[in-house]
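Undergrad: Below: one structure in structure tokens.
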Amino acid sequence: MRALYLVLLLLVACTDGPPETPSESALRETPAPTSAVPETVEDEPGEPSAAYAPADTYLEAAEALSGSDPEAAARAYFAEAEVDDVEVETIERGEDRLVVLVTLSGLLDDSITAERLQLVYAPEPDGRWTLTEVGRQVRCWEGRGHPEWSPAPCL
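Numbering (my numbering), first residue to last: 3 to 157.
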């Protein structure tokens, strides 16, 4: 649901100005396609994004999340998120690919305790990085599904 709200928020924001930062309602869970993702995965940031469910709704905010310093752009974008903690780190940097991991902890959600986004960037000739892919994993509250990072939705 959070990703659905984010899409709606971003669609409105894109027509009226730059994207807004996510709020509690913008970060609600959207179920991942269960046939395309495994039930659980190991915690392996930087690995191919098969361990992450597609989170294409965040691509709507690609302009706000792109730039010469993607880590700083992600930090600024998620700074106003209504969560207990936001961690942003670059986990892979190469000439043709940059990967930033964003971890949102303490979500105001009855099933998701934390959300992790893998932001994948491609370089532009002018030195900027453009967001090209977003993957998502979640951890569920006790009794609401898997306690480990997984692309599978919580209950």
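The C-beta atom is built at its ideal place from N, Cα and C for all residues, glycine as well. Since the structure is predicted, the reported quantities are computational estimates derived from the model, not experimental observations.
What first and last residue would you give for the beta strand (DSSP E) that runs through Ala-116?
TA: For Ala-116, the enclosing beta strand (DSSP E) stretches over residues 114-125.
Undergrad: Check whether the Cβ atoms of Glu-117 and Arg-138 lie closer than 8 angstroms to each other.
TA: The answer is yes: Cβ separation under 8 angstroms.
Undergrad: When we look at the beta-carbon of Leu-157 and count the other beta-carbons within 10 Å, is it buried (16 or more) or exposed?
TA: exposed
Undergrad: Just mark Ser-152 as buried or exposed, buried being the case when its beta carbon has 16 or more other beta carbons within 10 Å.
TA: Buried, by the Cβ-count rule.
Undergrad: If I'm right that Leu-67 touches Leu-109 with Cβ under 8 angstroms, what's the distance once you round it to whole angstroms?
TA: Contact flag wrong, Cβ pair sits at about 19 angstroms.
Undergrad: Comparing alpha-carbon positions, which option in Thr-115, Val-101, Phe-80 lies nearest Ser-107?
TA: When only C-alpha atoms are compared, the closest one is Thr-115.
Undergrad: If contact is defined by three or more beta carbon pairs under 8 angstroms, each pair taking one atom from either stretch, is the stretch 81-89 in contact with the stretch 58-72?
TA: No, they do not touch.
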